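In the numbering used here, the protein residues as written are 127 to 353. Using N, Cα and C, we set each Cβ at its ideal position, and we do this for glycine too. For clarity, every value in this text was computed on a predicted model and none was experimentally measured. In what follows, a structure is listed as structure tokens, so that the remarks can point back to it.
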Amino acid sequence: MTSKCVLCQQLIIHEFRPWEIFIGKQIDQEYLCPRCFQEFQAINQPYCPTCGRLGSFQQCQDCQYWQAQGYRGFYHQALFTYNPAMHDYFKRYKRYGDYRLRLAFQPYLKQKLRKLEPPFIFVPSSQNHWQRRLFDPVMGLFEGIVPLTPALIKLATDRSQAQKNRQERLQTPQFFNFNPQFQTILQAPRITILDDIYTTGRTIFHAIDCLRQTGYRGQIQSFSLVR
Ligand SMILES: [Zn+2]
Ligand SMILES: [Zn+2]
């Protein structure tokens, strides 16, 4: 099947990619041409065993921080690092609101999410972001790949996490509410939380806290496109 690259509009001619050797399977539909794709950096060993951060087999500083805060037994996975190409991608996708770009990583997300368990709840945008952008970027990334449960409600915050420095991010108070309409997911033995970018972990740990405060006692794992 021929298609155009969502980033540069070049016609995509299929060539065998290192990624396919890595996952042992050919990708059925591609949205990135080989030239654009090679600008992204997939997370390969060595990486942090707890959150997937590239660089070392040792637990990273962020994970040590969260453990010191009393969090145990969390497990996060991610596919790509936040490199300059990824920065540009999110600028076009989220800041300029180019909705077609939601498809760019779909084949890779499909492969990965097949191995994770439902229910899948995603980290939503707040209402004011929704209104400005007219779509939810995290929902856009994962929609059509796995069934999504909108169990978290994002409360309005003064600034988005992306506009804050590390210390400010970590200190941001809880910004999620649980949507009681989705009470039944609390019976599941495991819940998977999905996000676009894992930076300090603040967002994921607020999501975990929100589920725990609602009474959820099962296992929670999380996944993001980027770490
Ligand atoms: Zn391209
Ligand atoms: Zn880590």
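Taking C-beta separations shorter than 7 Å and ignoring five residues to either side along the sequence, the partners of Ile169 in its chain run Gly178, Leu180, Ala204, Leu205, Phe206, Thr207 and Arg353, following chain order. Between Tyr197 and Ser129, the alpha-carbon positions lie close to 45 Å from each other. In chain order, the residues that have a beta carbon nearer than 6 Å to some heavy atom of ligand 1 are Cys131, Leu133, Cys134, Gln136, Leu158, Cys159, Arg161 and Cys162. Straight-line spacing of the CA atoms in Asn305 and Thr283 works out to 18 Å. Cβ-Cβ separation between Phe349 and Thr318: approximately 6 Å, consistent with a contact (criterion under 8 Å).
When DSSP states are grouped into helix, strand and coil, Val264 belongs to the helix group.
For Cys336, same chain residues with a beta-carbon under 6 Å away, outside a window of 5 residues either side, are Phe302 and Phe304 in chain order. Residue state for Ala204 is assigned as strand, using DSSP reduced to three classes. Apart from the 5 residues on each side of it in sequence, Cys186 sits with its Cβ closer than 8 Å to the Cβ of Cys174, Thr176, Cys177 and Arg179 in its chain, given in chain order. Taken in chain order, the complete alpha helix (DSSP H) segments of 4 or more residues contained in the segment 255 to 318 are 263 to 268 and 292 to 297.
DSSP, read as helix, strand or coil, puts Asp322 in strand. By alpha-carbon distance to Ser251, the top candidate from Leu296, Gly266 and Gln171 is Gly266. Ile139 sits exposed, since fewer than 16 C-beta atoms from the chains shown fall within 10 Å of its C-beta. Gln347 sits close to Arg316, with the two beta carbons spaced by under 8 Å. When distances are taken from the beta-carbon of Thr283 to the heavy atoms of ligand 2, even the shortest one reaches 7 Å or more. Around the beta carbon of His202, 16 or more other beta carbons sit within 10 angstroms, so the residue counts as buried. Residue Ala277 holds the alpha-carbon nearest to the alpha-carbon of Phe308 among Val249, Arg295, Ala277 and Thr329.
In the DSSP annotation of this structure, the continuous segment of the beta strand (DSSP E) that includes Gln347 starts and ends at Gln345 to Val352. Apart from sequence neighbours up to five positions away, no residue of its chain approaches Arg338 with a beta-carbon distance below 7 Å.
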